[in-house]
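For the sequence shown, counting from 1, position 503 maps to 524 in my numbering; every step adds exactly one.
The beta carbon of each residue, even a glycine, is placed where N, CA and C say it ideally should be.
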Amino acid sequence: MSETVGDFILQRLTDWGIRRIFGFPGDGINGIMGAMGRAAERFDYVRVRHEEMAAFMAGAHAKFTGEIGVCMATSGPGAIHLLNGLYDAQMDHMPVLAIVGQSARSAIGSDYQQEVDLQVLFQDVCGYVETVLSPVQVRQVMDRAIRIAAARRTVTCVIVPNDIQELPAVKHPPRKHNDIYTGVGYANPCPVPSDADIKRAADILNDGRKVAILIGAGAMHAGDQVVAVANKLDAGVAKALLGKAALPDDLPFVTGSIGLLGTKPSWDMMNDCDTLLMVGTTFPYSEFLPEEGQARAVQIDIDPRNVSMRYPTEVNLIGDSAQVLERLLPLLRPKENPDWRERIELNVRKWWRDLEAKAMEPANPINPQRIFWELSPRLPDNTIICGDCGSHTNWYARDVKIRKGMMASLSGKLATMGSGMPYAIAAKFAYPERPVLAIVGDGAMQMNGNAEMITVKQYWKQWSNPCFVVMVLHNDDLNQVTWEQRALGGDPKFSQSQDVEEFSYAKYAELLGFKAIRVDRPEDLGTAWEQAFAADRPVLLDIISDPDVPPLPPHITWKQAKDYMTALAKGDPDEGGIIKQSLRQVLAGILPHSQR
């Protein structure tokens, strides 16, 4: 059989070094899937339960490996299903290529079955989207899509009508007008700030007496340099959520997360600093940064579009964060204001004590904070943690102590439910030898996590290390939105929208052949975590949690307090429990431990 366009598309992916594809089949990509069968030895094709999961996995693959993630879907509904996962990748600046089918060329424009204007559909989410209309065009469209995804750290899409896929491939376009030659290979841009800008930035940082550092995902490979700069400047370091794994939490000057999910030491540091250094972050909530005019600011980022967009900065250094910090270091002078660093470290120590006190407060039946407090010392080395979006994200952000060598991520700017399981599966395929933990709420588990457990069932025996743990925070409530309704909208819980149907996740896991552990007593948490990480197969931890424990922000505004009281005055169905737990949490952070 002569090589088809479908064969050539896969060969071009191979030429670019791409070995893994996440997808779901359909007749709109029959020609490509037929080619996949012929190229099976070259690819790790992961068949998911839903195309949205394929896109999530492609984005997570890019996050955890630095490589381009690839997903594949059929025409019409399959292509549409990709969108949420593709937006997640785009908003977190991850390089992802989507390959999708389309109606035959002769049918386009006829309102044909499953015909969707995919050029328009993908235009907003993609930095490049193109439909292949001729076999001669395939080479340059594939090369451009991959190169642009890598160069712009964005999503691209190649649309392939199904009649094209079976046509003979044209590897070498003819040498004539309108035909294009392209090649495989990507040149990584390395922007370098000028010496003058480096000196200007150093002068600002040297002039400051109370320096705060905020890091994000762009500092993920610059941890040693951030530590060296922080020690030189006697600075504290706060972490945006996507930068949680950039620095370990056992460093005494790391104040932890920032924002609504953040810590009080981060809040205090930002309110008291006179100088701010931002490294690799587009943290969106300006109200948690210093007041405008309070602090002079320097920003380091690989992309000039990202600078001075959340806080006005005097000097912007465009380049790799590790390299820029290395150049800054020799120009920085040690500070002569030890009180600043001592105050930060004191606040951090007090915060960890307060978190433990809050976690140990009784609840009905289990305080969700304690789940994560008991987790941290039991995390295996080199664990990869994949979070979802929900109230558990608060406890992940604040209570989990990341150690050096671990990896962790979740849906950042899009903050979408349903990403935890596909992120974890992608992480396990990328690093089959490492322990992987998915942290998922019961709402997200019912949304798509249960289905993707079948994907785990399909593939887990291929993994060199079977350690794959799914922790379901089981509280029968869409808890994050419930609390947002109370604290931001002044409305009581609307049970018809917020209640999650009771379901035995543990029994479901057993049905799939996994180890299942149901926990409904706080004293059993430590043993449950230990058993989960020691198991010889994937594990589901079904932990029954109290939905009435409030995810209190580090700073409560008057409006938030007023709205919360208004919600209670309107008759919240969980009023008794949330009043009791709110008082316990507030008092746990005020009273000396000996008084409790």
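Taking DSSP as the reference, what is the three-state secondary structure of residue i?
| i | result |
| --- | --- |
| Y529 | helix |
| R617 | Any answer about R617 is weak, because its pLDDT of 39 lies below 50 and its placement is not dependable; what the coordinates show is given next. In this structure, R617 counts as coil in the three-state DSSP scheme. |
| E151 | strand |
| H413 | helix |
| M330 | coil |
| A110 | helix |
| A256 | coil |
| L281 | coil |
| V502 | helix |
| I564 | strand |
| P156 | helix |
| L268 | coil |
| Y66 | strand |
| G462 | strand |
| I600 | helix |
| I180 | strand |
| L400 | coil |
| K620 | The structure shown does not extend to residue 620, since the chain is modelled only from 22 to 617, so the question has no answer here. |
| D595 | coil |
| Q246 | helix |
| V345 | helix |
Cβ atoms of residue j and residue i: under 7 Å apart, would you say?
| i | j | result |
| --- | --- | --- |
| D593 | G511 | no |
| S440 | F77 | yes |
| V319 | L298 | yes |
| A384 | W394 | no |
| M474 | A459 | no |
| I17 | V457 | With the chain covering only 22 through 617, there is no way to say anything about residue 17. |
| Q123 | P182 | yes |
| I42 | Y66 | yes |
| A620 | P513 | Outside the shown range of the chain, which is 22 to 617, sits residue 620, and nothing can be said about it. |
| G257 | M291 | no |
| T152 | I180 | yes |
| G237 | G264 | yes |
| D295 | G229 | yes |
| K449 | W484 | yes |
| G27 | A60 | no |
| L562 | A555 | no |
| G462 | L494 | yes |
| A75 | P116 | no |
| P286 | V369 | yes |
| N496 | S603 | no |
| N327 | T303 | yes |
| G239 | L268 | no |
| S278 | A418 | yes |
| G204 | T177 | no |
| I219 | R348 | yes |
| Y447 | H82 | Looking at the sequence itself, residue 447 is Ala, so the reference to Tyr does not match. It is a contact, given that the beta carbons lie within the stated cut-off. |
| R391 | P543 | yes |
| A490 | V421 | The sequence given here places Val at residue 490; Ala does not occur at that position. Going by C-beta atoms, V490 is not nearer than 7 Å to V421. |
For the alpha helix (DSSP H) that residue i lies in, which residues bound it at each end?
| i | result |
| --- | --- |
| L589 | 579 to 590 |
| R362 | 359 to 380 |
| H102 | 98 to 102 |
| M10 | Shown here, the chain extends from 22 to 617; a query on residue 10 therefore has no answer. |
| D184 | 183 to 186 |
| Q467 | Here Q467 belongs to no alpha helix (DSSP H), and DSSP marks it neither H nor E. |
| R354 | It is not in any alpha helix (DSSP H) - R354 carries neither H nor E in the DSSP assignment. |
| E551 | 546 to 555 |
For residue i, which residues does DSSP report across the bridge?
| i | result |
| --- | --- |
| T296 | V232, R317 |
| A429 | I406 |
| M93 | G44, I120 |
| F489 | V457 |
| D322 | I339 |
| T25 | P189 |
| D520 | D498 |
| V275 | V258 |
Whole-angstrom Cβ separation of residue i and residue j, contact assumed at under 8 Å?
| i | j | result |
| --- | --- | --- |
| L499 | G464 | 5 Å |
| P571 | L281 | So it is not a contact: roughly 12 Å between Cβ atoms. |
| F29 | H71 | Going by Cβ atoms, the distance from F29 to H71 rounds to 28 Å, so no, they are not a contact pair. |
| L661 | I167 | The question about residue 661 has no answer here: the residues shown for the chain are numbered 22 through 617. |
| G340 | P212 | 5 Å |
| A249 | L352 | The pair is not a contact, with the Cβ atoms about 13 Å apart (cut-off 8 Å). |
Is residue i near the ligand FMN, in the sense that its beta carbon is under 6 Å from a heavy atom of that ligand?
| i | result |
| --- | --- |
| Q140 | What this structure holds is no ligand at all, so the ligand FMN is not there to describe. |
If I follow the unbroken beta strand (DSSP E) through residue i, where does it start and stop?
| i | result |
| --- | --- |
| K84 | Segment 72 to 86 is the alpha helix (DSSP H) holding K84; no beta strand (DSSP E) there. |
| K536 | 536 to 540 |
Chain B beta carbons: is any one of them nearer than 7 Å to that of residue i?
| i | result |
| --- | --- |
| N500 | No chain B is part of this structure, which consists of one protein chain only. |
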